[in-house]
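Student: Before anything else, here's the structure in question.
Protein chains: 2
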Amino acid sequence: MKKSIPQQVNAFSVDERDAVYRAIFERRDVRRDFLSKRIPQATLQRILKASHHAGSVGFMQPWDFLVIREKDTKQKVKQLFTLANDEASKRYRGAKGTLYRGLKLEGIEEAPINLCVTCTRQRGGPNVLGRSTIRETDLYSTCCAIQNLWLAARAEGIGIGWVSILDYDALKNLVGIPRPVKLVAYLCMGYVKEFSSNPDLEKAGWRKRLPLEQLVHYESWGRKNGNGTLKKVKNG
Amino acid sequence: MKKSIPQQVNAFSVDERDAVYRAIFERRDVRRDFLSKRIPQATLQRILKASHHAGSVGFMQPWDFLVIREKDTKQKVKQLFTLANDEASKRYRGAKGTLYRGLKLEGIEEAPINLCVTCTRQRGGPNVLGRSTIRETDLYSTCCAIQNLWLAARAEGIGIGWVSILDYDALKNLVGIPRPVKLVAYLCMGYVKEFSSNPDLEKAGWRKRLPLEQLVHYESWGRKNGNGTLKKVKNG
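Note that the protein sequences, when read in sequence, are chains R and G. Using my numbering, read the first sequence as starting at 1 and increasing by one per residue. Using my numbering, read the second sequence as starting at 237 and increasing by one per residue.
Listed below in structure tokens is the structure:
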């Protein structure tokens, strides 16, 4: 990473490249310690614009964003979380159960903004370019948009937590999302004083980060680079 | 964007923030004009590491990466594309059909690296935290990892194109991806001389970018900010 790619038009400088990596490595899934500080509308717009500039299958742009600030709505969503989480926690027993129940898994009421990101699957009509072979590519595009949003927020000093322990159908009813529109993500957003150096679940000892080399294959599945030997890769 | 968030630990400078936005806005889905220049292993590793540092449901890290450089494999994949694209092109008639057949939709053989990104849905066992309510969150996590990869590549001067006009099951057989592992993306990667200012499909007049304000709702679906009036939002 000593210098820019030679001769490329509009190459990133080393500093710019490092900033992109910084956002990627310092992005966290934030569920605690949100500050009450308001997110200015202009900042929110920048973040949403970043999300909207993800690529999408057939340039379908299937996403919508629903911004929730009202306390009453957040309280109702929190109730949905509590119901779903009581159910989910039954799956863990013994030490894992104790660990699970000690985790903070949402910041619904503390975060100044809650955000629904949806995917309108009918957008663009029946023949979206590139989607006839793989129908779910519209959902994939929406997730790419979510990652843009997450990284932009990190660069703005705003933490985001994705809450999936919720009955999304009940949630859709609550905020009036039409039945054919898919709710992909429920996000809590707010400024934080600092970002944790590691994922919360890693710090809590829930799971370890996998070594990257275990996840990279060359030419065919299970084949490792250099020596050309086959090595069995665990799916566990 | 005049100054950093006050008092935040490790806030991004304005320049760093702008670099993150730059990567987001200048990332393109690249299907043409790849340079033959080799991607160094160290660069590829940085990009894959960036991908691996996406958040994942329950810290599941369900992704794997299969790097393809062999010409023979690319030729076979290109044949799969041609088959799928001949079929797909039948969906478009008249002027749209002519436009479709003039589009360059893949760079399989030209790109120095083709990359499969997969999702191993069994990883982490039957009870992945946060996944009991929404099973497909593992696929969502994988797509977030893909967006990391895409942005890191842009910062490195490397273009990526996502090819979805392929029979992914035939492709899995070709490169030995086990049946229970889901192939999420087939990507073509390579240095490019420059990145297009706009998405190819927008430039070709295939579809227009939607106005962001049409996609943002406040408090409940269809409600626009400020005046509190309800406005019907098109799903088209």
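The C-beta atom is built at its ideal place from N, Cα and C for all residues, glycine as well.
#1: Would G:P298 be called buried (16 or more neighbouring beta carbons within 10 Å of its own) or exposed?
#2: Just confirm the distance between the C-beta atoms of G:G343 and G:G397, as a whole number of angstroms; I'd bet it's less than 8 angstroms.
#3: Determine the closest residue to R:R209 out of G:L319, G:R282, G:F295, with distance taken between C-alpha atoms.
#4: State the start and end residues of the unbroken alpha helix (DSSP H) segment that holds G:R374.
#5: Does DSSP put G:F304 in a helix, in a strand, or in coil?
#6: Cβ atoms of G:F270 and G:E346: under 8 angstroms apart, would you say?
#7: Give me the subset of the stretch 187 to 201 of chain R whose CB atoms are less than 8 angstroms from a CB atom of chain G, sorted by chain position.
#8: Please list, in chain order, the residues of the stretch 244 to 264 of chain G that have any C-beta partner in chain R closer than 9 angstroms.
#9: Taking 8 angstroms as the threshold (C-beta atoms), are R:N148 and G:I283 in contact?
#10: Let's test the definition: count the other Cβ atoms within 10 Å of the Cβ of R:A19 and tell me whether it reaches 16, buried, or not, exposed.
#11: Are the C-beta of G:I401 and some C-beta of chain C separated by less than 8 angstroms?
#12: When you compare the stretch 369 to 388 of chain G with the stretch 409 to 425 of chain G, are there three or more beta-carbon pairs, one atom per stretch, that lie closer than 8 angstroms?
#13: The beta strand (DSSP E) spanning G:L351 covers which residue range?
#14: Just mark G:K340 as buried or exposed, buried being the case when its beta carbon has 16 or more other beta carbons within 10 Å.
#15: Assign G:S433 to one of two classes, buried (16 or more other C-beta atoms within 10 Å of its C-beta) or exposed (fewer than that).
#16: At least one CB of chain R closer than 8 angstroms to the CB of G:V215: is that the case?
#17: Grouping DSSP H, G and I as helix and E and B as strand, with all else coil, what is G:Y454?
#18: If you drop the 5 nearest sequence neighbours on each side, which residues of the same chain put their C-beta closer than 6 angstroms to that of G:S287?
#19: Residues of chain R with CB closer than 7 angstroms to the CB of G:R327, please, in chain order.
#20: So, R:L171 versus R:L80, is the Cβ gap smaller than 8 angstroms?
#21: Ignoring anything shorter than 4 residues, give me the alpha helix (DSSP H) runs that lie fully in the stretch 28 to 58 of chain R, in order along the chain.
#22: Which bits of chain R does G:E306 rub up against, with CB to CB less than 7 angstroms?
#23: Whose Cβ in chain G lies nearer than 7 angstroms to the Cβ of R:D64?
#24: Among the residues of its own chain, which have a CB less than 6 angstroms from the CB of G:G361, if the five just before and after it don't count?
#25: For the stretch 39 to 52 of chain R, which residues have a CB atom closer than 7 angstroms to at least one CB atom of chain G, in sequence order?
#26: With distance defined between alpha-carbon atoms, name the residue in G:L280, G:T356, G:V428 nearest to G:R268.
#27: Using CA atoms only, rank isn't needed, just tell me which of G:L410, G:D265, G:R329 is closest to G:K314.
#28: Spell out whether any CB of chain G is found under 8 angstroms from the CB atom of R:C144.
#29: Quick one: which chain G residues come within Cβ less than 7 angstroms of R:Q147?
#30: Out of curiosity, what's the CA-to-CA distance linking G:S368 and R:I165?
#31: Who are the near neighbours of R:I68 in its chain, counting only those whose CB is closer than 6 angstroms to its CB and skipping five residues on each side?
#32: Is G:D403 near G:A324, with beta carbons less than 8 angstroms apart?
#33: Tell me where the alpha helix (DSSP H) around G:K439 begins and ends.
#34: Counting C-beta neighbours from all protein chains within 10 Å, is the total for R:A42 16 or more, i.e. buried, or is it exposed?
#35: With a threshold of 6 angstroms on Cβ separation, who are the neighbours of G:N363 within its own chain once the five nearest residues in sequence on each side are excluded?
#36: In chain G, what lies closer than 7 angstroms to R:F59 by C-beta?
Tutor: Inspection of the coordinates gives the following:
#1: By the 10 Å Cβ count, G:P298 comes out buried.
#2: Yes, they are in contact, since the Cβ atoms of G:G343 and G:G397 sit about 5 angstroms apart, within 8 angstroms.
#3: Closest option to R:R209, Cα to Cα, is G:F295.
#4: The identity of residue 374 of chain G in the sequence shown is Asp, whereas the question assumes Arg. Start and end: 373 to 392.
#5: Residue identity differs from the one stated: residue 304 of chain G is Ile in this sequence, not Phe. Strand at G:I304.
#6: If you check the CB distance, G:E346 and G:F270 come in under 8 angstroms.
#7: If the cut-off is 8 angstroms between Cβ atoms, the stretch 187 to 201 of chain R has Y191, V192, K193, E194, F195, P199, L201 near chain G.
#8: Of all residues in the stretch 244 to 264 of chain G, the ones placed with a Cβ closer than 9 angstroms to any Cβ belonging to chain R are Q244, V245, N246, A247, F248, S249, D251, E252, R253, D254, A255, V256, Y257, R258, A259, I260, F261, E262, R263, R264, in chain order.
#9: No, the Cβ-Cβ distance between G:I283 and R:N148 is not below 8 angstroms.
#10: Buried, since its Cβ has 16 or more Cβ neighbours within 10 Å.
#11: The structure shown has no chain C; the protein chains it does contain are R and G.
#12: Judged by Cβ distances under 8 angstroms, the stretch 369 to 388 of chain G makes contact with the stretch 409 to 425 of chain G, as three or more pairs qualify.
#13: Its beta strand (DSSP E) spans residues 349 to 356.
#14: G:K340 is exposed by the Cβ-count criterion.
#15: Result: exposed.
#16: This structure cannot settle anything about residue 215 of chain G, because the visible part of chain G is limited to 237 through 472.
#17: G:Y454: strand per DSSP, three-state reduction.
#18: Within the same chain, G:S287 has close Cβ partners A381, N384, L385.
#19: Listed along chain R, the residues sitting closer than 7 angstroms to G:R327 by beta-carbon distance are N127, S132.
#20: Annotated as proximal: R:L171 and R:L80, with beta-carbon spacing under 8 angstroms.
#21: The stretch 28 to 58 of chain R contains these whole alpha helix (DSSP H) runs: 41 to 52.
#22: Those within 7 angstroms of G:E306 in chain R are E219.
#23: Here the neighbours are L451, H453.
#24: Nothing meets the Cβ criterion.
#25: Listed in sequence order: L48, K49, A50, H52.
#26: Selected option, being the one with the closest Cα: G:V428.
#27: Ranking G:L410, G:D265, G:R329 by Cα distance to G:K314 puts G:L410 first.
#28: Under the 8 angstroms criterion on CB atoms, R:C144 is classed as interfacial with respect to chain G.
#29: Under the 7 angstroms cutoff, chain G gives A290, C380, Q383, N384.
#30: The C-alpha of R:I165 is placed about 8 angstroms away from the C-alpha of G:S368.
#31: Counting only Cβ-Cβ distances below 6 angstroms, and skipping sequence neighbours, we find N114.
#32: No. Outside cutoff.
#33: First-last of the alpha helix (DSSP H) with G:K439: 436 to 439.
#34: Only exposed fits R:A42, as fewer than 16 other CB atoms lie within 10 angstroms of its CB.
#35: Nothing listed; no residue qualifies.
#36: The contacting residues are P435, L437, E438, W442, R443.
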